[in-house]
Amino acid sequence: MDEMPRRDFLKLVTNALLGVSGLLGLGGLVRYLDFEAEAPPPEVFELGAAADYPPGSSTVLPDVPAVLIHDEAGFRAMSLVCTHLGCTVEPNAAGDGYVCPCHGSRYDAAGAVRRGPASDALPALRAEVTGDSQLRLTLS
């Protein structure tokens, strides 16, 4: 039997490994160049008739995520995205605020921080009634 010299064997293995890694790199490059970004989320949400949200109501809008509040001053809205790491906060059991299920931040009903790790209040959003009595929520 004819044996392959050690030097030729190492050269063959090295070339095979370089070829495989080159193909893997080329595959990654093709995937990178073929990437299609997702469409950005909407900035404006049409919520329907303002009459559907009676005075004194507080409506969680899970698609936004936000809470729409209709009080004696009119409509106002607040984001339900935790200012710590971006989890969606939920109304607490007592109904007087919000709690983050990820890291335990707590906010009062107005969105102010009651307990960290979050340090910033929940951001206010713009809620407006259009000329045809429809409600519109704007994120920015």
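Under our numbering, read the sequence shown as residues 365 to 504, first letter to last. The beta-carbon is built from N, C-alpha and C at its ideal position, and this holds for glycine as well.
G383: first and last residue of the uninterrupted alpha helix (DSSP H) it sits in: Position 19 of the sequence shown, counted from the first residue, corresponds to residue 383. Where G383 is concerned, the enclosing alpha helix (DSSP H) stretches over R370 to L397.
Using the Cα positions of T502 and T452, report the straight-line distance between them to the nearest angstrom. For the purposes of this step, residue 502 is taken as residue 138 along the sequence shown, with counting starting at 1. For the purposes of this step, residue 452 is taken as residue 88 along the sequence shown, with counting starting at 1. Going from the Cα of T502 to the Cα of T452 covers about 18 Å.
Round the Cβ separation of A413 and S497 to the nearest angstrom and send it over; I've been treating them as touching at under 8 Å. Residue numbering aside, residue 413 sits at position 49 when the sequence shown is read from its first letter. Residue numbering aside, residue 497 sits at position 133 when the sequence shown is read from its first letter. That pair is a contact at about 6 Å.
Determine the closest residue to E407 out of V394, G386, A430 and G391, with distance taken between C-alpha atoms. Within the sequence shown, residue 407 is the residue found at index 43, counting from 1. Closest by alpha carbon: A430.
Measuring straight from C-alpha to C-alpha, what distance separates L444 and L376? In the sequence shown, counting from the first residue as 1, residue 444 sits at position 80. In the sequence shown, counting from the first residue as 1, residue 376 sits at position 12. Each residue's CA atom was taken as its position, placing L444 and L376 some 59 Å apart.
Which residues DSSP lists as bridging R490, in chain order: One-based indexing of the sequence shown puts residue 490 at position 126. T502.
Taking its Cβ as the centre, do 16 or more other Cβ atoms sit within 10 Å of Y471, making it buried, or is it exposed? Position 107 of the sequence shown holds residue 471. Y471 is buried by the Cβ-count criterion.
Run of the beta strand (DSSP E) containing A413, from where it starts to where it stops: For this step, residue 413 is matched to residue 49 along the sequence shown. Residues V408 to A413.
Buried or exposed for V428, please, with buried defined as at least 16 other CB atoms from any protein chain shown within 10 angstroms of its CB. For this step, residue 428 is matched to residue 64 along the sequence shown. Its Cβ being crowded by 16 or more others within 10 Å, V428 is buried.
Could you compute how far the alpha carbon of P481 sits from the alpha carbon of C446? Start at 1 with the first residue of the sequence shown, and residue 481 comes out as number 117. Start at 1 with the first residue of the sequence shown, and residue 446 comes out as number 82. Taking the straight line from one Cα to the other gives about 10 Å.
Would you call the CB atoms of A491 and F439 closer than 7 Å? Reading the sequence shown from its first residue, position 127 is the one you call residue 491. Reading the sequence shown from its first residue, position 75 is the one you call residue 439. For the pair A491 and F439, the CB atoms are nearer than the 7 Å cut-off.
Just verifying my parser: in three-state terms, what is the DSSP assignment at D460? Here residue 460 refers to the residue found at position 96 of the sequence shown. Coil at D460, not helix or strand.
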